[in-house]
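Here this note's numbering is used: the first residue of the sequence shown is 116, the next is one more, and so on.
Below is one structure, written out as structure tokens; comments come after it.
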Amino acid sequence: MNEKTKQKRRLPAFDPRYIVTLILAAVIFILNYRIVGKCYSPFVYNDEMGYWMHAAEFAGLDWRGVSGTVAWYSYGYSLLLAPLVKLIKDTVVLYRAALIMNILMDEICYFMYVYIIRRLFPKLGIIPASVAAAAGMLYTSYQFNAGVAFSETALLMAATIVVFLMVRILEKPTYLNTACLGIASAYMYMVHNRTIGIVASVVFVVFIAAVCRKIKLRHSGAFLITLIAGFIADKLIKGHLVSVLWDSGASGNDAGSVFGRMKTAVSSVSGFKRLLGVMAGQGFAVSAGSFCLVLFAILVMVRKGGIGFFKAGKAVKGGKKLSEVADSRFLMFLFIFCAFAATYLISCIFMIEFKRIDHVLYTRYFDILVGLFIMSGICFLFEAEKWDLFLMMLVPFIMRIGASGANRTMPLVEDLTFNKVCAPPICKLFELSERNFHAYISYAVSWFFVLAAISWFLRWKKLSIYVCSAVCAVLFIANTPSAQLAITVNQKAYEGDRALCERVKELPEKHIYVMPDAGTFISFLQYEMNDVRIDIAKSPETFSEDGYLFASVGNVVDLMGHEIIDRSDRHILYSAEKTGSYDNRIPLDMMSVFDSSCYVESEDMIESAPEFNYLCYGPYMHLDKGSYTFSLDLDFDDMNKAEEIGYAEINSDGGQTVYVHEEITPDMLDKDGKLELELDADLDRDVSGVEIVVFLYDPETIYAQLNSIEVKTED
116 MNEKTKQKRR
126 LPAFDPRYIV
136 TLILAAVIFI
146 LNYRIVGKCY
156 SPFVYNDEMG
166 YWMHAAEFAG
176 LDWRGVSGTV
186 AWYSYGYSLL
196 LAPLVKLIKD
206 TVVLYRAALI
216 MNILMDEICY
226 FMYVYIIRRL
236 FPKLGIIPAS
246 VAAAAGMLYT
256 SYQFNAGVAF
266 SETALLMAAT
276 IVVFLMVRIL
286 EKPTYLNTAC
296 LGIASAYMYM
306 VHNRTIGIVA
316 SVVFVVFIAA
326 VCRKIKLRHS
336 GAFLITLIAG
346 FIADKLIKGH
356 LVSVLWDSGA
366 SGNDAGSVFG
376 RMKTAVSSVS
386 GFKRLLGVMA
396 GQGFAVSAGS
406 FCLVLFAILV
416 MVRKGGIGFF
426 KAGKAVKGGK
436 KLSEVADSRF
446 LMFLFIFCAF
456 AATYLISCIF
466 MIEFKRIDHV
476 LYTRYFDILV
486 GLFIMSGICF
496 LFEAEKWDLF
506 LMMLVPFIMR
516 IGASGANRTM
526 PLVEDLTFNK
536 VCAPPICKLF
546 ELSERNFHAY
556 ISYAVSWFFV
566 LAAISWFLRW
576 KKLSIYVCSA
586 VCAVLFIANT
596 PSAQLAITVN
606 QKAYEGDRAL
616 CERVKELPEK
626 HIYVMPDAGT
636 FISFLQYEMN
646 DVRIDIAKSP
656 ETFSEDGYLF
666 ASVGNVVDLM
676 GHEIIDRSDR
686 HILYSAEKTG
696 SYDNRIPLDM
706 MSVFDSSCYV
716 ESEDMIESAP
726 EFNYLCYGPY
736 MHLDKGSYTF
746 SLDLDFDDMN
756 KAEEIGYAEI
766 NSDGGQTVYV
776 HEEITPDMLD
786 KDGKLELELD
796 ADLDRDVSGV
806 EIVVFLYDPE
816 TIYAQLNSIE
826 VKTED
């Protein structure tokens, strides 16, 4: 072997400065790992379940009985989950393994960030590049997404790999690099079809690079061949999954829906106004959540890009060749900018039919590229030129325009809830200020100018990058717990159902059904009982006599006659076979009380407490159209001074619709203080959320006790 070959095969020497990179990688891992022990199962339904559904199919599990209840989600992330599903049976360990895999993907992204930022800013050394990259990777959304087993972290890794390979190709084009870029782009599209904008940006920049002779035609050919092969593979795999899991087809989350919504946006004035409002809101949200670093980075890229185009055009006009004029670093920034712009536009188009506040402030779709802009923004502050001072002065005005656009869009929002999963970077701001978007401006712009001041005073030393990165990282870490409340709160909400599923696993094995109106519990149940097929109970005639039936508490009247085997706070396990005897009583422990001690389990009754007016309420039943009689067996005491006792009623919609209201007075009681109260309710349609309410006017002087509730129907 000659000396030249030996040098090629020799491993590069380890630079001690990379110890800082490894330490920061460990810090990122530890910070993200903190949430793992608080997670037990999916909670973002039905997003997470769409990915687990494909993973189960790849792993050979039969989840086809419930697949029709979930919308189509792409399967790229599922390819990573499938080995875990195959190897791990314990569902808690399985979910936590998926989260650890997310964190490891974040680690991979961090190391690529260090590489990318050093190519974008060649003057940076290893240590400042590592620190700036750490600030980008600690972005609030990335910490939040690491705690959820859905596609966002896989998308982050796939998009970062694509950027990494693009940088590699522009630096050193080879068949391997260009072929890998095609494969990575196709896989990114498999993870989620909304990345079609990034794929288009890849094709565009590869074309520009080929025209400018930065990439040879045969290298770009290798890219196109692997990209096309990847899209063909995607078509085949998607066709198989749709045929076995989704009889209704795969729509709503595919590339076709993007073009459908785009048509809606440009086909009318109102649609275009909605699009502009969403663009203002989403741009404002990501800028506020990144302390305006993303906005500043975009402004600088536009300025530098404009100057670059002008100089290139002038040079070409002067007789120079494109290959001599084109700058690889310029093409790198061009790709990052185009990829972000395309993803941002697709996000806005997806949300044009917004319903909630978070749809207008949505950042989830383009967050996958925000980390690149955060670390670029920090470096642009370090390298700021005199023209960049003017751009800094523009930041507050642009933020004000964004806030005004978001405010004008708010009256069109139908649901005033804010889902933290959709906009993690501004969760803290929404907690503090809700829809006062000008408070967001004060917060974000103030921190931006603090960072700018730090960069200005320390601009002659690389200390500015260290300090600015540290400030950003601390702020992102401080904001993350507000977003992660969405994880911990929802995980706690399923504690009772999780315990119920564990008890069912100890019962004799039988066929399992679930009522079709159980909602997201259907997905939860299939995940927890992952090695068992769950079927939708479409009609009682289809039940196996030897089976179990899961239903929500609201089905208690519908399923009278089925034996109750077990239950949680929200769901009931019935025997699928009807019993010979018919019990028309509503179990009192299904009723809601303000203090759990008010339900006396040993006597199966509910007693009043002096501090609460409500004796009980609930259980939020689903009732079909018809006539119902609810018989309440009540006991009262200490009635000597009472002129009015209270009332009982049947209502729905949180009391907005009342079907029967009955005042309870002393003359209605017998000599022992007993009352058999019948409430007749006539429903002219199917109603959900029906509750029985017993209210006491003066619980301090009146003691009441509910012994039973019976239900009779017109049948």
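Glycine is no exception: its CB is placed at the ideal position from the N, C-alpha and C atoms.
- prompt: Taking F833 as the reference, which of M705, F745, Y818, Y689 has the closest Cα?
  reply: With the chain covering only 116 through 830, there is no way to say anything about residue 833.
field: Other residues of its chain near D637: CB distance less than 6 Å, five sequence neighbours each side excluded
entry: Note that residue 637 corresponds to Ile in the displayed sequence, not to Asp. Within the same chain, I637 has close Cβ partners V181, T184, V629.
- prompt: Where I516 and R523 are concerned, what is the direct C-alpha to C-alpha distance, given to the nearest angstrom?
  reply: 11 Å
query: If you draw a straight line from the C-alpha of P725 to the C-alpha of I824, how long is it?
result: 22 Å
Start and end residues, beta strand (DSSP E) containing H626: 626 to 629
Of the residues L351, T341, F469, L356, the one placed nearest L390, counting alpha carbons only: F469
task: From the DSSP output, read off the bridge partner residues of N766.
output: V773, E806
query: With DSSP run on the structure shown, which of helix, strand or coil describes Y729?
result: strand
- prompt: Is the stretch 449 to 466 close to the stretch 304 to 315, with three or more CB pairs under 8 Å?
  reply: yes
query: If we call anything under 8 Å between Cβ atoms a contact, is V306 one with A269?
result: yes
- prompt: For T828, which three-state DSSP category applies?
  reply: strand
Simplified DSSP assignment, three categories, for R479: coil
query: According to DSSP, is L747 helix, strand or coil?
result: strand
field: Alpha-carbon spacing of K432 relative to A499, whole angstroms
entry: 30 Å
- prompt: In the DSSP assignment, what are the bridge partners of Q88?
  reply: The requested residue 88 does not occur in the structure, where the chain is confined to residues 116 to 830.
- prompt: Who pairs with D442 in a beta bridge, going by DSSP?
  reply: Paired residues: none, contrary to the question.
message: What residue range does the alpha helix (DSSP H) around K426 cover?
response: 408 to 432
field: Span separating the alpha-carbon of L214 from that of R149
entry: 11 Å
query: Using 8 Å as the Cβ pair cut-off and three pairs as the minimum, do the stretch 711 to 726 and the stretch 807 to 822 touch?
result: yes
message: With DSSP as the reference, identify every bridge partner of Y714, one or two as the case may be.
response: I721
task: Tell me, please, whether the stretch 413 to 422 touches the stretch 552 to 569 by the rule of three or more beta-carbon pairs shorter than 8 Å.
output: no
query: Taking contact to mean at least 3 C-beta pairs separated by less than 8 Å, is the stretch 156 to 166 in contact with the stretch 272 to 289?
result: no
query: Count the other CB atoms within 10 Å of the CB of W361; is the residue buried (16 or more) or exposed (fewer)?
result: buried
field: Rounded separation between G634 and Y663 - CA only
entry: 18 Å
query: How far does the alpha helix (DSSP H) with D832 in it reach, from first residue to last?
result: Limits of the chain in this structure are 116 at one end and 830 at the other, which puts residue 832 out of reach.
query: In the DSSP assignment, what are the bridge partners of L811?
result: G761
- request: Output yes or no for whether 8 Å exceeds the beta carbon distance between L794 and I779.
  value: no
task: Look at the alpha carbon of T206 and the alpha carbon of S156, and state the distance between them as a whole number of angstroms.
output: 7 Å
message: With DSSP as the reference, identify every bridge partner of Y663, one or two as the case may be.
response: I627, S690
task: Please name the residue, chosen from E777, C542, I765, that lies closest to P888 on a Cα-to-Cα basis.
output: Residue 888 lies beyond the range of the chain shown here (116 to 830); nothing can be said about it.
Cβ-Cβ separation, D698 to M675 (assumed contact under 8 Å), whole Å: 7 Å
query: Anyone know if the C-beta pair for A518 and F399 falls short of 8 Å?
result: yes
message: Please report the distance separating the alpha-carbon of F448 from that of I231.
response: 11 Å
- prompt: Secondary structure at L622, three-state DSSP: helix, strand or coil?
  reply: coil
- prompt: If Y714 and M490 are in contact, beta carbons under 8 Å, what's the gap, nearest whole angstrom?
  reply: About 56 Å; that fails the 8 Å criterion.
task: Would you list, in sequence order, the uninterrupted beta strand (DSSP E) runs of no fewer than 3 residues that lie entirely inside the stretch 442 to 472?
output: none
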